[in-house]
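Colleague: Residue numbers (this note's numbering): 15 to 171. The following block contains the structure, expressed as structure tokens.
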Amino acid sequence: MLKWCVVSCTAVLALGLSVTSLAADTAAIDLAALRSEQARIQAGATAGTGVYEDMSKAKRQEVLEHQARISAAIEGKQSMDELDAAQRDAVAADVAWLERTLRDAEDNRQVCERRKKLGSNRFERVCMTVAQQREMREQARAQLQRSGTCEDCGGGG
């Protein structure tokens, strides 16, 4: 029985997926969607909530600066074709930076769970980052996929 103490990150995942698609093809960027995402980023970073909660004030300020550059570049534009190549590259770079920063912030988020101690009725609280959890899952999966033979069982041979 696991009880997770996890902050909901639905908005962050949605943002990450759409930002990923935005960074992939700058010509196909929907500026209306980009503007609404920039508004959400600004609101979250300014309030310091959600994924921005654990970010330092300096990092949130840096997020706001990148967001402001994107907003300034696309202001009054209807499509990415109205931007010159240097502006398109700058917008794509800022979008990619925001995506990377939000993904890193999510990976550094602390998650705690209550686990029942083996052979006891007591619970213990185990806390680790999302990145540490992912690494442990990958190691466990790799261990299960290795051959079924026991290398260090000590079973006579």
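Ideal Cβ placement from N, Cα and C applies to all residues, glycine included.
Is the beta carbon of Glu-120 sitting closer than 8 Å to the one on Val-144?
Modeller: The residue labelled residue 120 in the question sits at position 106 within the sequence shown. The residue labelled residue 144 in the question sits at position 130 within the sequence shown. Closer than 8 Å, so yes.
Colleague: In the DSSP assignment, find the unbroken alpha helix (DSSP H) run with Val-109 in it and report its ends.
Modeller: On the sequence shown, position 95 is the one that residue 109 refers to. 99-121 is the span of the alpha helix (DSSP H), which, as asked, contains Val-109.
Colleague: Quick check on DSSP: helix, strand or coil for Lys-71?
Modeller: The count along the sequence shown starts at 1 and reaches residue 71 at position 57. Lys-71 falls in the helix class under three-state DSSP.
Colleague: Cys-141: which of Lys-131, Ser-134, Arg-148 and Cys-126 sits nearest, CA to CA?
Modeller: For the purposes of this step, residue 141 is identified with residue 127 of the sequence shown, where counting begins at 1. Closest option to Cys-141, Cα to Cα, is Cys-126.
Colleague: So, at 6 Å on beta carbons, what are the nonlocal neighbours of Leu-48 in its own chain, with the 5 sequence-adjacent residues on each side left out?
Modeller: Translated into the one-based positions of the sequence shown, residue 48 becomes position 34. There are no such residues.
Colleague: Quick test of the definition: if touching needs 3 or more C-beta pairs under 8 Å, does the segment 53-70 touch the segment 87-96?
Modeller: No contact exists between the segment 53-70 and the segment 87-96.
Colleague: Helix, strand or coil for Val-65 per DSSP?
Modeller: The sequence position of residue 65 within the sequence shown is 51, counting from 1. Val-65 falls in the helix class under three-state DSSP.
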